[in-house]
Amino acid sequence: MENLIALLVAAPLLGAAVLLCGGRRLDRVGHVIGTALAFASFGIAVGLFVDMLGRSTEDRSLHQHLFSWIPVGGFQADIAFQLDQLSMTFVLLITGVGSLIHVYSMGYMEHDERRRRFFAYLNLFLAAMLILVIADNYLLLYVGWEGVGLASYLLIGFWQHKPSAATAAKKAFLVNRVGDIGLSIAIMLMFTTFGTFAFGGVLEATGETGEGKLTAIGLMLLLAACGKSAQVPLQSWLGDAMEGPTPVSALIHAATMVTAGVYLIVRSGTIFNAAPDAQLAVVIVGAVTLLFGAIVGCAKDDIKKALAGSTMSQIGYMIMAAGLGPIGYAFAIMHLVTHGFFKAGLFLGAGSVMHGMNDEVDMRKYGGLRKYMPVTFVTFGLGYLAIIGFPGLSGFWSKDKIIEAAFAYDDGIRGWIFGGVALLGAGITAFYMTRVMIMTFFGEKRWQPDAAGNEPHPHESPKSMTIPMIVLAFGSVFAGGLFSLNEAFVKWLEPVTEFHHPHPVISVPAITASTVVVLLLGAGLAYLQYGRRPVPVTPPKGSLLTRAARRDLLQDDFNHVVLVRGGEHLTRSLVYVDHSLVDGVVNGTAAGFGGLSGRLRRLQNGFARSYAVSMFGGTAILIAATLLMRAV
Amino acid sequence: MNPVNYLYLAALLFSIGATGVLIRRNAIVLFMCVELMLNACNLALVAFSRMHGNLDGQIIAFFTMVVAAAEVVVGLAIIVSLFRSRHSASVDDASLMKL
Amino acid sequence: MTALAAYTTSSGEAFQFWVLGTIAVLGALGTVFMKKTVHSALCLAGTMIILAVFYLANGAYFLGIVQIVVYTGAIMMLFLFVVMLVGVTAADSLKETIKGQRWMAALCGLGFAVLLVGGIGNASLSEATGLAQANAGGNVEGLASLIFTKYVFAFEITGALLITAAVGAMVLTHRERTERARTQRELAEQRVREGKHLPPLPAPGVYARHNAVDIAGLLPDGTPSELTVMQTLRDRGQIRDVSDEALDDLRALEQRSEERLGRDEAGFPRSAATAAGAGESGKTEGPK
Amino acid sequence: MSFPLLTATAALPAVGAIATAAVPAARRTAAKWMALLFSLATLVAALVVVFRFDPDKVVNSPADRYQLAESHAWIADFGVRYELGVDGIGAALLGLTALLVPFVVLAGWHDADPEDDGKSKESVATGRWRPTQGFFALILMVEAMVILSFLATDVFLFYILFEAMLIPMYFLIGGFGDKAGAHGEKEAATQRSYAAVKFLLYNLVGGLIMLAAVIGLYVVGGTFSLTEIAEARAAGNFEMATNTERLLFLGFFFAFAVKAPLWPLHTWLPNAMGEATAPVAVLITAVVDKVGTFAMLRFCLQLFPNASEWATPVILALALVSIVYGALLAVGQRDIKRLIAYASISHFGFIIMGIFAMTSQGQSGATLYMVNHGISTAALMLVAGFLITRRGSRLIADYGGVQKVAPILAGTFLVGSLATLSLPGLAPFVSEFLVLVGTFARYPVVGIIATVGIVLGALYTLVLYQRTMTGPVKENVRTMPDLRVRELAVVAPLIALLIFLGVYPKPVTDLVNPAVDQTLSDVQKQDPEPEVEAAK
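Protein sequence lines, in the order shown, are assigned to chains U, P, G and A.
Taking this note's numbering, the leading residue of the first sequence gets 209, the next gets one more, and so forth.
Taking this note's numbering, the leading residue of the second sequence gets 17, the next gets one more, and so forth.
Taking this note's numbering, the leading residue of the third sequence gets 45, the next gets one more, and so forth.
Taking this note's numbering, the leading residue of the fourth sequence gets 202, the next gets one more, and so forth.
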C-alpha cells in the first residue's frame, strides 16, 4: 500500500510536465487532463485513507523510501515519504479542495487563452504541496516548501502583462525567501546538532540536547512559518497576492499553502514542546497576527483583500493554537481543515461575484447581489456563518476550542491575555465578515457603467463553478461537527501530536457563551454601520486607524522606505564603488605606468652617441661597483 | 720608474679616445678615436706582457691590430657609402633609432 | 738589446717615457679636439708613432715595427684617403646639438679615467718579470712559435676575417654603372640641343707668363673667365686671381717700352681695365 | 603502456581546432560542423574516461590516487614531467567541460559570420577573411587546454596550460565581441578591446605571481610532480618552513583567486562577460574560471595544507564579501550580461567558501557547485544571448513583456533564473545547500551570513525576469520570434540536466566524495561530529 504514496505526487507532477511540454496542441484538452490527474491523486488519497482507517493506531504511519538523494559524508538526505495521520489529513484536504478548485477553474478560466498553462501550474502546486506534507525529512519538506512558493509565484503572476501582478508575484516569492532562510538555518542546526534532519531522527534525538539549541531551531522554524503563512512581520505579501486569479487565491492563499506554516510547527511539535520560549514566541506571533489581519480585513473595500485579511487572522488563530503545545496542535489542524473549507468557499464565492461583475472587486460597487446570484449568496452566506463561528457550524467547533486552549495557556496573566485576544479576534472577525456580507449581497445596487460604458449584468455562474461552491459549503457546515463527535479528530491525530486536555482559567461554558456574545456584538456593530444606512460608493476618509488599516497598517510603507529605498541606494552606491574604487585602483596603476613610460621614452632620442654615453656611464658605474666590492 | 706608468698612460689615452667618440660627430674622427682606444689597449697589453714575462700579451695585441685593420677597412667603406647617399659624414644625421 | 725591457727600467727609459708620453697625450687630445679632420688624423699618426716607440721600449720589437708599418703606414693613409674622398674641408662644427651630451661625455670620460687609474693603482703591480727570458730566442721567433701553436686557430680566423673585410669593403664601395657611357657624338648633339657653348672650353693660363691650371684666362676686356678653369678647382673655389698682377705686368712692360722708345702715350685705355680687374678681384679668392 | 586515454581526450579538441582552422574561407558551414563533431567526439571520450574511472578504488599510496595516469619526462633538467591523471573532482569537471562545449558551439553558430559590410564581403570572395573558422578553432583550443589542465598532475605543466589558455580567450573576447554593443559599433569595439586587455592583464599578473611560487616550490621540493611531493610528504621528508609555505600558498592562491574571481579581484569578469558574445561568456564563467576553483582544491590544499588552514579566515571573509557584494551589484546592473556576471561572482563566492570550509559537505558541495553553476549559467546566459541577438540590445530597459510574444524563450529563461537562484528541485540547490551546511558545520556565523545570498539571489534573478519578460509588451519586442529549433536544442538538454541533477545528484556525488575525503585527509581535517554524537 505504501508504494502508492509516491503516486500521490506523481499524478499531478506528470500533469504539470505533460501540460508544460505538450505545447499548443494540448490547449483544448489541457484543463481536462489537469483536472483528471488532480482527481486521480484525490482518489489515491482516499484509497490510502480507507486503508489507514483499516489499520490499528500503532502502524498507521506508512513509510516509503524511494532513493538516496544527497549522500555526502554524514549528510544523508533521502527521497522518502511518510504518511501518518497528520499528513493524511493534509493530503485529503489538498487533493480534495484542489480537485474542486480545478473544476471551478474550468469554468472560471474558460476564456483565458493560457488556460493550459494555468492548469499546469495548478498541478505543479498540488505536487509540491503534497511533497511538502508527505516528506519524511526537513530537506525534502524544504523542496515542497519552495515548490509551492514557485507555484504561487507563477500563479500570482499569471496575468503577467499586468505589472501589478508581476510585482506582487515577485514580492511574494522574496518575502517567502526571507522565511526560507529560517527553514534552511533550522535544517543546518538540526544537522549539526542531531546529525540528521529526518523527522524520526530529530524526534528521537530531541531529548539529548540543550534547550538553547532547541529554542534556536524553534525560532528559525517560526521565521519560516511566518514567511509562508503570512504572519507578522512577513505578512505583507498576502494582500498583494490577491492579484492572482481567484481560484488561486482560494486554493493557495486560503486553503492550503498558507497553512503550511502551521503544518511545519505542528510537525516539529516535539522540538517546540522542549523549547517553551520558542512556543511563547509562536503564540505571540499568532496573537499579533490574528488582530492585525482582522483589523486590516475591516478596512479593505476590495473583497478579495478583505478576505485575505481574514485569512491572515484565521491562520493567526492556528499558529497561536500550534504555539500552545499539545493542548492546541489538534485544534490548530482542525481549524486549518475547516478553514480550508469555508475560506475556499468564500473565495470561490467572491470569484463568482467578480465573474458576474466584470471582475469588479470593489465591494462599494456591489450591493444587493443576492437576487442576482442566489447560489453564490447561499454558499457564501454559509461560509460566512462558518467563519464567524456561528454555533453549530464548522468554524464554531474549531475556533471555540482554540479560544479555550488560549485561555488555558497557563493559569496566570498570559492565559487571560491570549484568551482575551482570541476572543476579541472572534468579535472583529464577525464584524468584518458581516461587513463584507452586507456590502456585497444586501442593500441596493451601487454599480455603475465603467469607463467603457458597459454596465455589468450580474448573473449566476455556470455549474462548473457553483458545484464546487456547494460542496465546500457542505464542508463548512458539517465538517466541524463531524470532527467533534466524541473528539474523533483529536483522537485521530493524537498518535502524531499527543494531546492534553486544556484547563482554561475560566470554565468552558463561560468561554463558549462569551464567544457567542462577542460575535453577536461584532455582527451587530457591522449591521449598524453598513446595514442601516447606505454604503457610500467613494470610501469616506475614515479614522486614522482605518486609513492605516487600508494601507495594511503601513507595513508596506515601512518596507518601501526601509528596504526598497535603502536597498536601491545601497546597490547604486556599491555599483559606483565597484566602478570607481575597486576598478579605479587597478586602472590607476595602469595609468601611472603609462605616464612613467611616456616620460622614460624621452630618453630615447635616437642619437647613437647619447646611447653610447649611457653605455659608457654604465661601464663606469660597473667598474666603480667592482672596485667598491674589492675595497670592502 | 715602474712599468705600471705605461698602464696609466694607456688608461689616459683610452679615456680620451672614449670621450672623443662621445663628443665628435664626424664619423671619420669617431673612427680615429676608436683607433686611439684600441692602441691604448695594445699599449696596456704590451706592458702586461712585459710584467708577466710572457708573449701572450703581445700576441693579443697583434690580433687586436689585425682586427682593427679589418674594422677600419669596413668602417671606412661604410662611411664612404654613407657620404655618397647623404652628402655628410655626421653620425647625427643617422638618428633613425628613434621610433 | 736584451738590456732593454728588463724588469727594471733604466732612467733613460724613464726620461723617454715622460717626454714622449706627454706628447702622446697631447696628440690624443689633438685628435679629439682638432677642428679639421686632416689635423686630427695627423695628431693620431703622431701618437701612434710614439706608441710604436713605447712598444719597442717594452721589448715588443715586432709589434713596434708592425705598429709603424701597418698602423701609421697603412691605416692612417687609408684614413687620409677617405678624408680626401669626403673632402678635406668637410670640417664639422664643434657646437653640440644634443642637449647635455658634451657635459655628460666629459663627466663620464673623466670619471672613467679616474676609476681606471684608481683601479690600476690598487692593483699592486709593483714588480715586473721582464721579457729577457721570453725574448731569449728572439722576439719574432717567440711570437711565431706562439702564433702557430697556441693561437693557430685564432690566427686562421683572423685571416678569414681580413678577407671578409676586404670583400666587404669592395662590396660597399663599388658602384655598378647602370647606364651606357655616352659617346662624344651624343655629347656633342646634346650640347647643340641645349644650344650653349658649342666650341671646346678655352684653355687656362693665357698670357703664357706661368702655365698653372688654376689661373683663369682673361677675356679680351681683361676680365678672367671661370670657364677656363677645371670643374673641381671651380667647385672648391681655388681659382687664383690673376687679374691685378697680369695688369701690373702689362703696366711694367709698357713702362719699359716707353723708356726704351722715349715717348709717352696718354690715351691708352688702362685705367678702365684696371678698374674692371679690381671689380673682378673681389669675386674670386685663392687658397691661403 | 596502455592506450593514453587522457592525452587522447585532450588531443581531440586540439586536432579539431587545427582542422577547423584549416577549412577554406568559403566553406564556413563546414567549419561549424567540423567543430561540432569534434566537440561531440571529445564529449564521448570524456564520458569514456568518467566511466573507466573507478571512484571507490582504495588509495594505498599517493600514486594510485590519480587513475589512468600517464607520465613522460619532458624537461628533464628541471624535473618537469608530462604527467596526467584523473581523480573524482577532475573527472567531474572534465565531464562538465566536454559537455558544455558542444552547446557553446551550437549556440555560437551564427556569432562569427562575417558582417555584410563591403570589406568583409569582398575579402570573403578572395578568401582571406575567415573569422568563423577562427572562432570555432579558438573555442576548441580553449577546451583542449582546460581539459588538459584538469588532468595535469604536474605543477609546471598545469601552470603552462593555466597561462596558455589566456591567449585564445583573449582573441575570443577581443575579436568576436557582442555585435549588440552598448552604444554603436565603434563604441562596442573599444569596449571590447578594453575588456580583452583587462582580462589578459589581470590573469597575467596572477600568473606571474604564481610562476614565482611554482619556481619556489621546485626550489623547496625539488620536483613538480604532485604524486612525488605527496610521497615525499608521506615519507616525512618534505618539510617547508612555515613562512615559505605561506608565501608559496599565497602565490598560488592569488592566481586562482583572480581566475575564479574573488572579491576584490573580480572586476575583469563583468567587462569580459559583458562584451563577449554569450557563448564565449559561458566559456569564460562556466569552463575557464572553474580551473581557478578546481586548482584551489587540488593544489592549494594538497601542497600547502597548513598555510591553507592559516589563510582560511581571511579567505572565508573574502568569499562572504563576494557572495553579498556580487549579489548586490547584480541587483544594480542595467545590462543583462553584466548582471549575470555579477551573479557568477556571487556564486564563485559560494564555491570558494565551500572549499575552505574544510568539510566533506562543503567541498563536495563546492565541486558539485562548479558543475551545476556551469550548467545553470550556461542555460541562463545562452537564452539571454538568444534574447539579445533578437533585439540587438543588452540593456534590461529595452525589454518587457517578452513572455507574451515568445513564451518558450521566456519559459526557458525563467527556468534558468530559477536555477540561478537555486530553487530546490533544480541542481544548484543541492550544491548550494551542501556548501551552506558544510560551512555552517564548522563556521556557523559564516554560514548564517551566507544565507543572505539566498534572498539576494532571488531578488536579482526575479527582478531581471520581471523587467524583461513580464509587463506590457515593448514596441521593439512585439515582432520577436520565439526560440528556433537550434536554440531549443541548445537549451532543452541543459534544462533537462538541471532537473535530473537536482533530483538525482548521486552519480556526481559518488564520483566526487572519495576524492574530497582524500583532500580532507591531506589537510588533516575531519567533519565536526554532530553535537549529539559528540556528547555520547
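From the three backbone atoms N, C-alpha and C, an ideal C-beta is built for every residue, glycine too.
Quick one: what's got a C-beta closer than 8 Å to Tyr738/U's C-beta in the same chain, skipping five residues either side?
-> What you label residue 738/U is simply residue 530 of the first sequence in a count that begins at 1. Only Thr642, Arg643, Ile646, Met647 and Gly651 meet the Cβ criterion.
Give the single residue among Arg810/U, Glu416/U, Gly597/U and Arg758/U whose Cα lies nearest to the Cα of Gly689/U.
-> Within the first sequence, numbered from 1, the residue matching residue 689/U stands at position 481. Cα-wise, what sits closest to Gly689/U is Gly597/U.
What are the start and end residues of the beta strand (DSSP E) that includes Gly286/A?
-> Taking the fourth sequence and counting its residues from 1, the one referred to as residue 286/A is at position 85. That run of the beta strand (DSSP E) goes Val281 to Val287.
Smallest Cα separation from Met337/U: which of Leu358/U, Phe326/U, Arg324/U and Phe327/U?
-> Residue mapping note: residue 337/U aligns to position 129 of the first sequence, counting from 1. It is Leu358/U.
Between the region 797-812 of chain U and chain P, which residues of the former have a C-beta closer than 9 Å to a C-beta of the latter?
-> Hits within the stretch, in order: Arg809 and Gln812.
What is the DSSP secondary structure of Glu57/G, counted as helix, strand or coil?
-> As a first step, residue 57/G must be located in the third sequence, where it is residue number 13. Glu57/G: helix per DSSP, three-state reduction.
Enumerate in chain order the residues of its own chain whose CB-to-CB distance from Asp718/A is below 8 Å, with the five nearest sequence positions on each side excluded.
-> Walking along the fourth sequence from the start, residue 718/A turns up at place 517. Ser561.
Where Val216/A sits in the DSSP three-state scheme | As a first step, residue 216/A must be located in the fourth sequence, where it is residue number 15. Helix, per DSSP.
Would Tyr570/A be called buried (16 or more neighbouring beta carbons within 10 Å of its own) or exposed?
-> Locating residue 570/A in the fourth sequence gives position 369, counting from the first residue. By the 10 Å Cβ count, Tyr570/A comes out buried.
Reference Lys609/U, options His667/U, Gly255/U, Ala538/U and Arg838/U, closest by Cα = Start at 1 with the first residue of the first sequence, and residue 609/U comes out as number 401. When each option's Cα is compared against that of Lys609/U, the closest is Ala538/U.
Nearest-angstrom Cα separation, counted from Gly566/A out to Leu635/A | Taking the fourth sequence and counting its residues from 1, one reaches residue 635/A at position 434. Taking the fourth sequence and counting its residues from 1, one reaches residue 566/A at position 365. Straight-line Cα distance between these residues: approximately 5 Å.
Taking 8 Å as the CB-CB limit, is Ala34/P close to chain U?
-> In the second sequence, the residue the question calls residue 34/P occupies position 18. Yes, because at least one Cβ of chain U sits closer than 8 Å to the Cβ of Ala34/P.
Around the Cβ of Asp318/A, are there at least 16 other Cβ atoms within 10 angstroms (buried) or fewer (exposed)?
-> Residue numbering aside, residue 318/A sits at position 117 when the fourth sequence is read from its first letter. Note that Asp318/A scores 49 on pLDDT, short of 50, meaning its location in the model is unreliable and no value can be drawn from it.
Member of Leu212/U, Pro220/U, Ala214/U and Cys229/U whose CA lies at the smallest distance from the CA of Ile696/A | On the fourth sequence, position 495 is the one that residue 696/A refers to. Checking every option, the nearest Cα to that of Ile696/A belongs to Cys229/U.
Hey, how far is the Cα of Phe289/U from the Cα of Tyr346/U?
-> To locate residue 289/U, count along the first sequence from 1; it is residue 81. To locate residue 346/U, count along the first sequence from 1; it is residue 138. The straight-line gap from Cα to Cα measures roughly 11 Å.
What first and last residue would you give for the alpha helix (DSSP H) that runs through Phe824/U?
-> Indexing the first sequence from 1 puts residue 824/U at position 616. Ala816 to Ala839 is the span of the alpha helix (DSSP H), which, as asked, contains Phe824/U.
Val280/U bridges to which residues according to DSSP?
-> Taking the first sequence and counting its residues from 1, the one referred to as residue 280/U is at position 72. DSSP output for Val280/U lists Phe283/U as bridge partner(s).
State the start and end residues of the unbroken beta strand (DSSP E) segment that holds Ser715/U.
-> Position 507 of the first sequence, counted from the first residue, corresponds to residue 715/U. Element bounds for Ser715/U: n/a, residue is neither H nor E.
Which runs of the alpha helix (DSSP H), 4 residues or longer, sit entirely within the region 82-133 of chain G?
-> 105-110 and 120-130
Does any C-beta atom of chain U lie closer than 8 Å to the C-beta of Phe549/A?
-> Counted from its first residue, the fourth sequence places residue 549/A at position 348. Output row for Phe549/A: interface = no.
Beta-ladder partner(s) of Asp355/A, from DSSP = Here residue 355/A is taken as the residue at index 154 of the fourth sequence, counted from 1. Beta-bridge pairing links Asp355/A to Ser426/A.
What residues from chain A crowd round Leu778/U, counting only those whose CB sits closer than 8 Å?
-> By 1-based counting over the first sequence, the position of residue 778/U is 570. Leu529, listed in chain order.
Between Phe697/U and the rest of its own chain, which residues show a CB-CB distance below 7 Å, the 5 nearest in sequence each way excluded?
-> Here residue 697/U refers to the residue found at position 489 of the first sequence. Contacts found: Ala538, Met542 and Phe691.
What's the gap between the Cα of Glu230/G and the Cα of Thr267/G?
-> The sequence position of residue 230/G within the third sequence is 186, counting from 1. The sequence position of residue 267/G within the third sequence is 223, counting from 1. Glu230/G and Thr267/G: Cα-Cα distance of roughly 33 Å.
Does Glu688/A get closer than 8 Å to chain U when you measure Cβ to Cβ?
-> For the purposes of this step, residue 688/A is identified with residue 487 of the fourth sequence, where counting begins at 1. Not one chain U Cβ lies under 8 Å of Glu688/A.
Are the beta-carbon atoms belonging to Gly603/U and Ala594/U less than 8 Å from one another?
-> Here residue 603/U refers to the residue found at position 395 of the first sequence. Here residue 594/U refers to the residue found at position 386 of the first sequence. Contact flag set, yes.
Quick one: give me the first and last residue of the alpha helix (DSSP H) that Trp700/U is part of.
-> For the purposes of this step, residue 700/U is taken as the residue at position 492 of the first sequence. Run containing Trp700/U: Ala696 to Leu701, per the alpha helix (DSSP H) assignment.
Please name the residue in Thr400/U, Ile393/U and Glu419/U whose C-alpha comes closest to that of Ile431/U.
-> Indexing the first sequence from 1 puts residue 431/U at position 223. The amino acid at residue 431/U is misidentified as Ile; the sequence shows Leu. Of Thr400/U, Ile393/U and Glu419/U, the residue nearest in Cα terms is Ile393/U.
Residues sharing a beta bridge with Ile241/U, DSSP = Here residue 241/U refers to the residue found at position 33 when the first sequence is read from its first residue. Note: Ile241/U sits in no beta bridge, so no partner.
Using a Cβ-Cβ cut-off of 8 Å (strictly less than) and excluding sequence neighbours within five positions of Thr467/U, which residues of its own chain qualify?
-> By one-based count along the first sequence, residue 467/U stands at place 259. Around Thr467/U: Ser437, Ile523, Met526, Leu544, His547 and Gly548.
Could you give the distance in angstroms between the alpha-carbon of Ile207/G and the alpha-carbon of Thr80/P?
-> Position 163 of the third sequence, counted from the first residue, corresponds to residue 207/G. Position 64 of the second sequence, counted from the first residue, corresponds to residue 80/P. Taking the CA atoms as reference points, Ile207/G sits about 16 Å from Thr80/P.
Amino acids of chain G, ordered along the chain, whose beta-carbon sits closer than 9 Å to that of Leu836/U | Numbered from 1 along the first sequence, position 628 holds the residue referred to as residue 836/U. What Leu836/U touches in chain G: nothing, since even the nearest Cβ is about 11 Å away.
Comparing the C-beta of Leu23/P with each C-beta of chain U, is any distance below 8 Å?
-> Reading the second sequence from its first residue, position 7 is the one you call residue 23/P. Cβ-Cβ to chain U under 8 Å: no for Leu23/P.
Cβ neighbours of Asp195/A in the same chain (closer than 7 Å, five flanking residues each side left out) | The structure shown does not extend to residue 195/A, since chain A is modelled only from 202 through 737, so no value can be given for it.
Over the uninterrupted beta strand (DSSP E) stretch that includes Trp655/U, give me the two end residues.
-> Locating residue 655/U in the first sequence gives position 447, where the first residue counts as 1. Premise fails: Trp655/U is in no beta strand (DSSP E) and is neither H nor E.
Other residues of its chain near Ala215/A: CB distance less than 6 Å, five sequence neighbours each side excluded = Here residue 215/A is taken as the residue at index 14 of the fourth sequence, counted from 1. Here Ala215/A has Ala345 as same chain residues with Cβ atoms under 6 Å from its own Cβ, once five neighbours each way along the sequence are excluded.
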